[in-house]
Amino acid sequence: MTNLSEMWITIEKTVDTVRRLVENLERQDVNLQTRMAEKSRLRLEKYDSSSLKMCTPCPLPITIVATKYDEFQNFESEKRRHLCQFLRFLAYSYGANLMMYSSRMEQFPKLVKNMISHFAFGTVCPQGYITDHNKPMFIKCGFDNLEAIGIPPGSDNFMGASSPFNLWRESFISLWPQKTGNVDVEDTKKQDPMIDPVFKEPSIDNLVEIKRKELENHIRSKRDREAAEARAAERIAKINVR
829 MTNLSEMWIT
839 IEKTVDTVRR
849 LVENLERQDV
859 NLQTRMAEKS
869 RLRLEKYDSS
879 SLKMCTPCPL
889 PITIVATKYD
899 EFQNFESEKR
909 RHLCQFLRFL
919 AYSYGANLMM
929 YSSRMEQFPK
939 LVKNMISHFA
949 FGTVCPQGYI
959 TDHNKPMFIK
969 CGFDNLEAIG
979 IPPGSDNFMG
989 ASSPFNLWRE
999 SFISLWPQKT
1009 GNVDVEDTKK
1019 QDPMIDPVFK
1029 EPSIDNLVEI
1039 KRKELENHIR
1049 SKRDREAAEA
1059 RAAERIAKIN
1069 VR
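Just so you know, we're using the working numbering here: the sequence shown kicks off at 829 and counts up by one.
See the structure below:
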């Protein structure tokens, strides 16, 4: 939260990247889109229909972790309030959880660990609901609403925005103009720890490669099976016609 000149664009580009990855996977698996849509429906079931129409939920469950809370709490009250509004809107729009974090404050690591465990192993999601900008916010998906979030600062100046998301984006950028240089596609590739020699871990890298090949084999096998089933169904249909 101390790098506001890149915060919005970083979150937006990250979610856009997730969308593209999911879309690519859905093209490889005809049943995946149906399964993803059902899981999204369950995740967003607390949203009312009118609000949901104004949102663009991420196809995967995500958590926005707003870091550097130890420095954020020293911001002026108005700045903290506005920033919390923007974060709440982004989380609500993307169907995400929202939490604040600081590596320098001992109450946070356990909460983050529990949240990671929830996503990775299906353990119980941490409980809590904090929206006060004077406290470290913690809001699970579906527990916030647009009425409680309010309207973006200076929204009267951006009434020509094409959507609620663009309205909030323009309001944010008017307060904190965004630098895009550090989040360009090529820069993102350079910062990828998977290909950065600094983060090289042979045992983990080998395991990742094994899993990647297993996934490729599974996808290939599934395609072959579906193709064989389609050919068999076609032959049966021809026999029945005769």
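Beta carbons are placed, not taken as given, at the ideal position from N, Cα and C, and that holds for glycine.
### Query
Can you check whether the CB of Ala924 is closer than 8 Å to the CB of Cys886?
Cβ distance < 8 Å, so Cys886 and Ala924 count as in contact.
### Message
Can you find the residues in the same chain that come closer than 7 Å, C-beta to C-beta, to Asn1010, ignoring five residues on each side of it along the sequence?
### Response
Low confidence applies here, because Asn1010 scores a pLDDT of 48, under 50, leaving its location unreliable; read the following figure in that light. Once the five neighbours on either side are set aside, the close Cβ partners of Asn1010 are Glu834.
### Message
Taking contact to mean 3 or more Cβ pairs, one atom from each stretch, closer than 8 Å, check whether the stretch 905-922 and the stretch 964-978 are in contact.
### Response
When C-beta atoms of the stretch 905-922 are compared with those of the stretch 964-978, three or more pairs fall below 8 Å, so the two segments count as touching.
### Message
Across the stretch 899-917 and the stretch 872-880, are there enough close Cβ pairs to call them in contact, namely three or more that are closer than 8 Å?
### Response
No: the two stretches stay apart, fewer than three of their Cβ pairs being nearer than 8 Å.
### Task
Please determine, among Asn831, Lys896, Leu915 and Gly950, the residue with the shortest C-alpha to C-alpha distance to Arg997.
Considering only alpha carbons, the answer is Leu915.
### Query
Going by DSSP, which residues form a beta bridge with Phe966?
Met927 and Ile958.
### Message
Looking at the secondary structure, which residues open and close the beta strand (DSSP E) in which Val893 lies?
### Response
Per DSSP, Val893 belongs to the beta strand (DSSP E) from Thr891 to Ala894.
### Query
Any heavy atom of the ligand COA within a distance shorter than 7 Å of the CB on Ser931?
Questions concerning the ligand COA fall outside what the structure shown contains, since it holds no ligand whatsoever.
### Query
What separation, rounded to the nearest whole angstrom, lies between the Cα atoms of Lys1017 and Ile1067?
No answer about Lys1017 holds up, because its pLDDT of 44 lies below 50 and its placement is not dependable.
#### Entry: Assigned secondary structure, Gln935 (DSSP; H/G/I helix, E/B strand, else coil)
Reduced to three states, the DSSP call for Gln935 is coil.
### Residue-level contact to chain B via CB, Leu849, 8 Å cutoff
Reference to chain B is not applicable here, since this structure consists of a single protein chain.
### C-alpha gap between Gly956 and Met965, whole angstroms
Looking at the two C-alpha atoms, the distance is approximately 9 Å.
### Message
Along the chain, where does the alpha helix (DSSP H) containing Tyr922 start, and where does it finish?
### Response
Element bounds for Tyr922: Ser905 to Tyr922.
### Query
Per the contact definition of three or more C-beta pairs closer than 8 Å, is the stretch 940-952 in contact with the stretch 853-865?
No, the stretch 853-865 is not in contact with the stretch 940-952.
### Task
Starting from the C-beta of Arg1048, find all residues in its chain whose C-beta is less than 8 Å away, skip the five residues before and the five after it, and write them out in chain order.
Excluding positions up to five away in sequence, the list is empty.
### Message
Please tell me whether Leu888 and Val846 are closer than 8 Å, where the distance is taken between their beta carbons.
### Response
Taking the C-beta atoms as reference points, Val846 is found nearer than 8 Å to Leu888.
### Task
List in chain order: all unbroken alpha helix (DSSP H) runs of 4+ residues lying wholly within the stretch 852-903.
860-871, 877-880 and 897-900, all fully within the stretch 852-903.
### Message
In the DSSP assignment, the alpha helix (DSSP H) including Asn994 goes from what residue to what residue?
### Response
Segment Pro992 to Leu1003, the alpha helix (DSSP H) holding Asn994.
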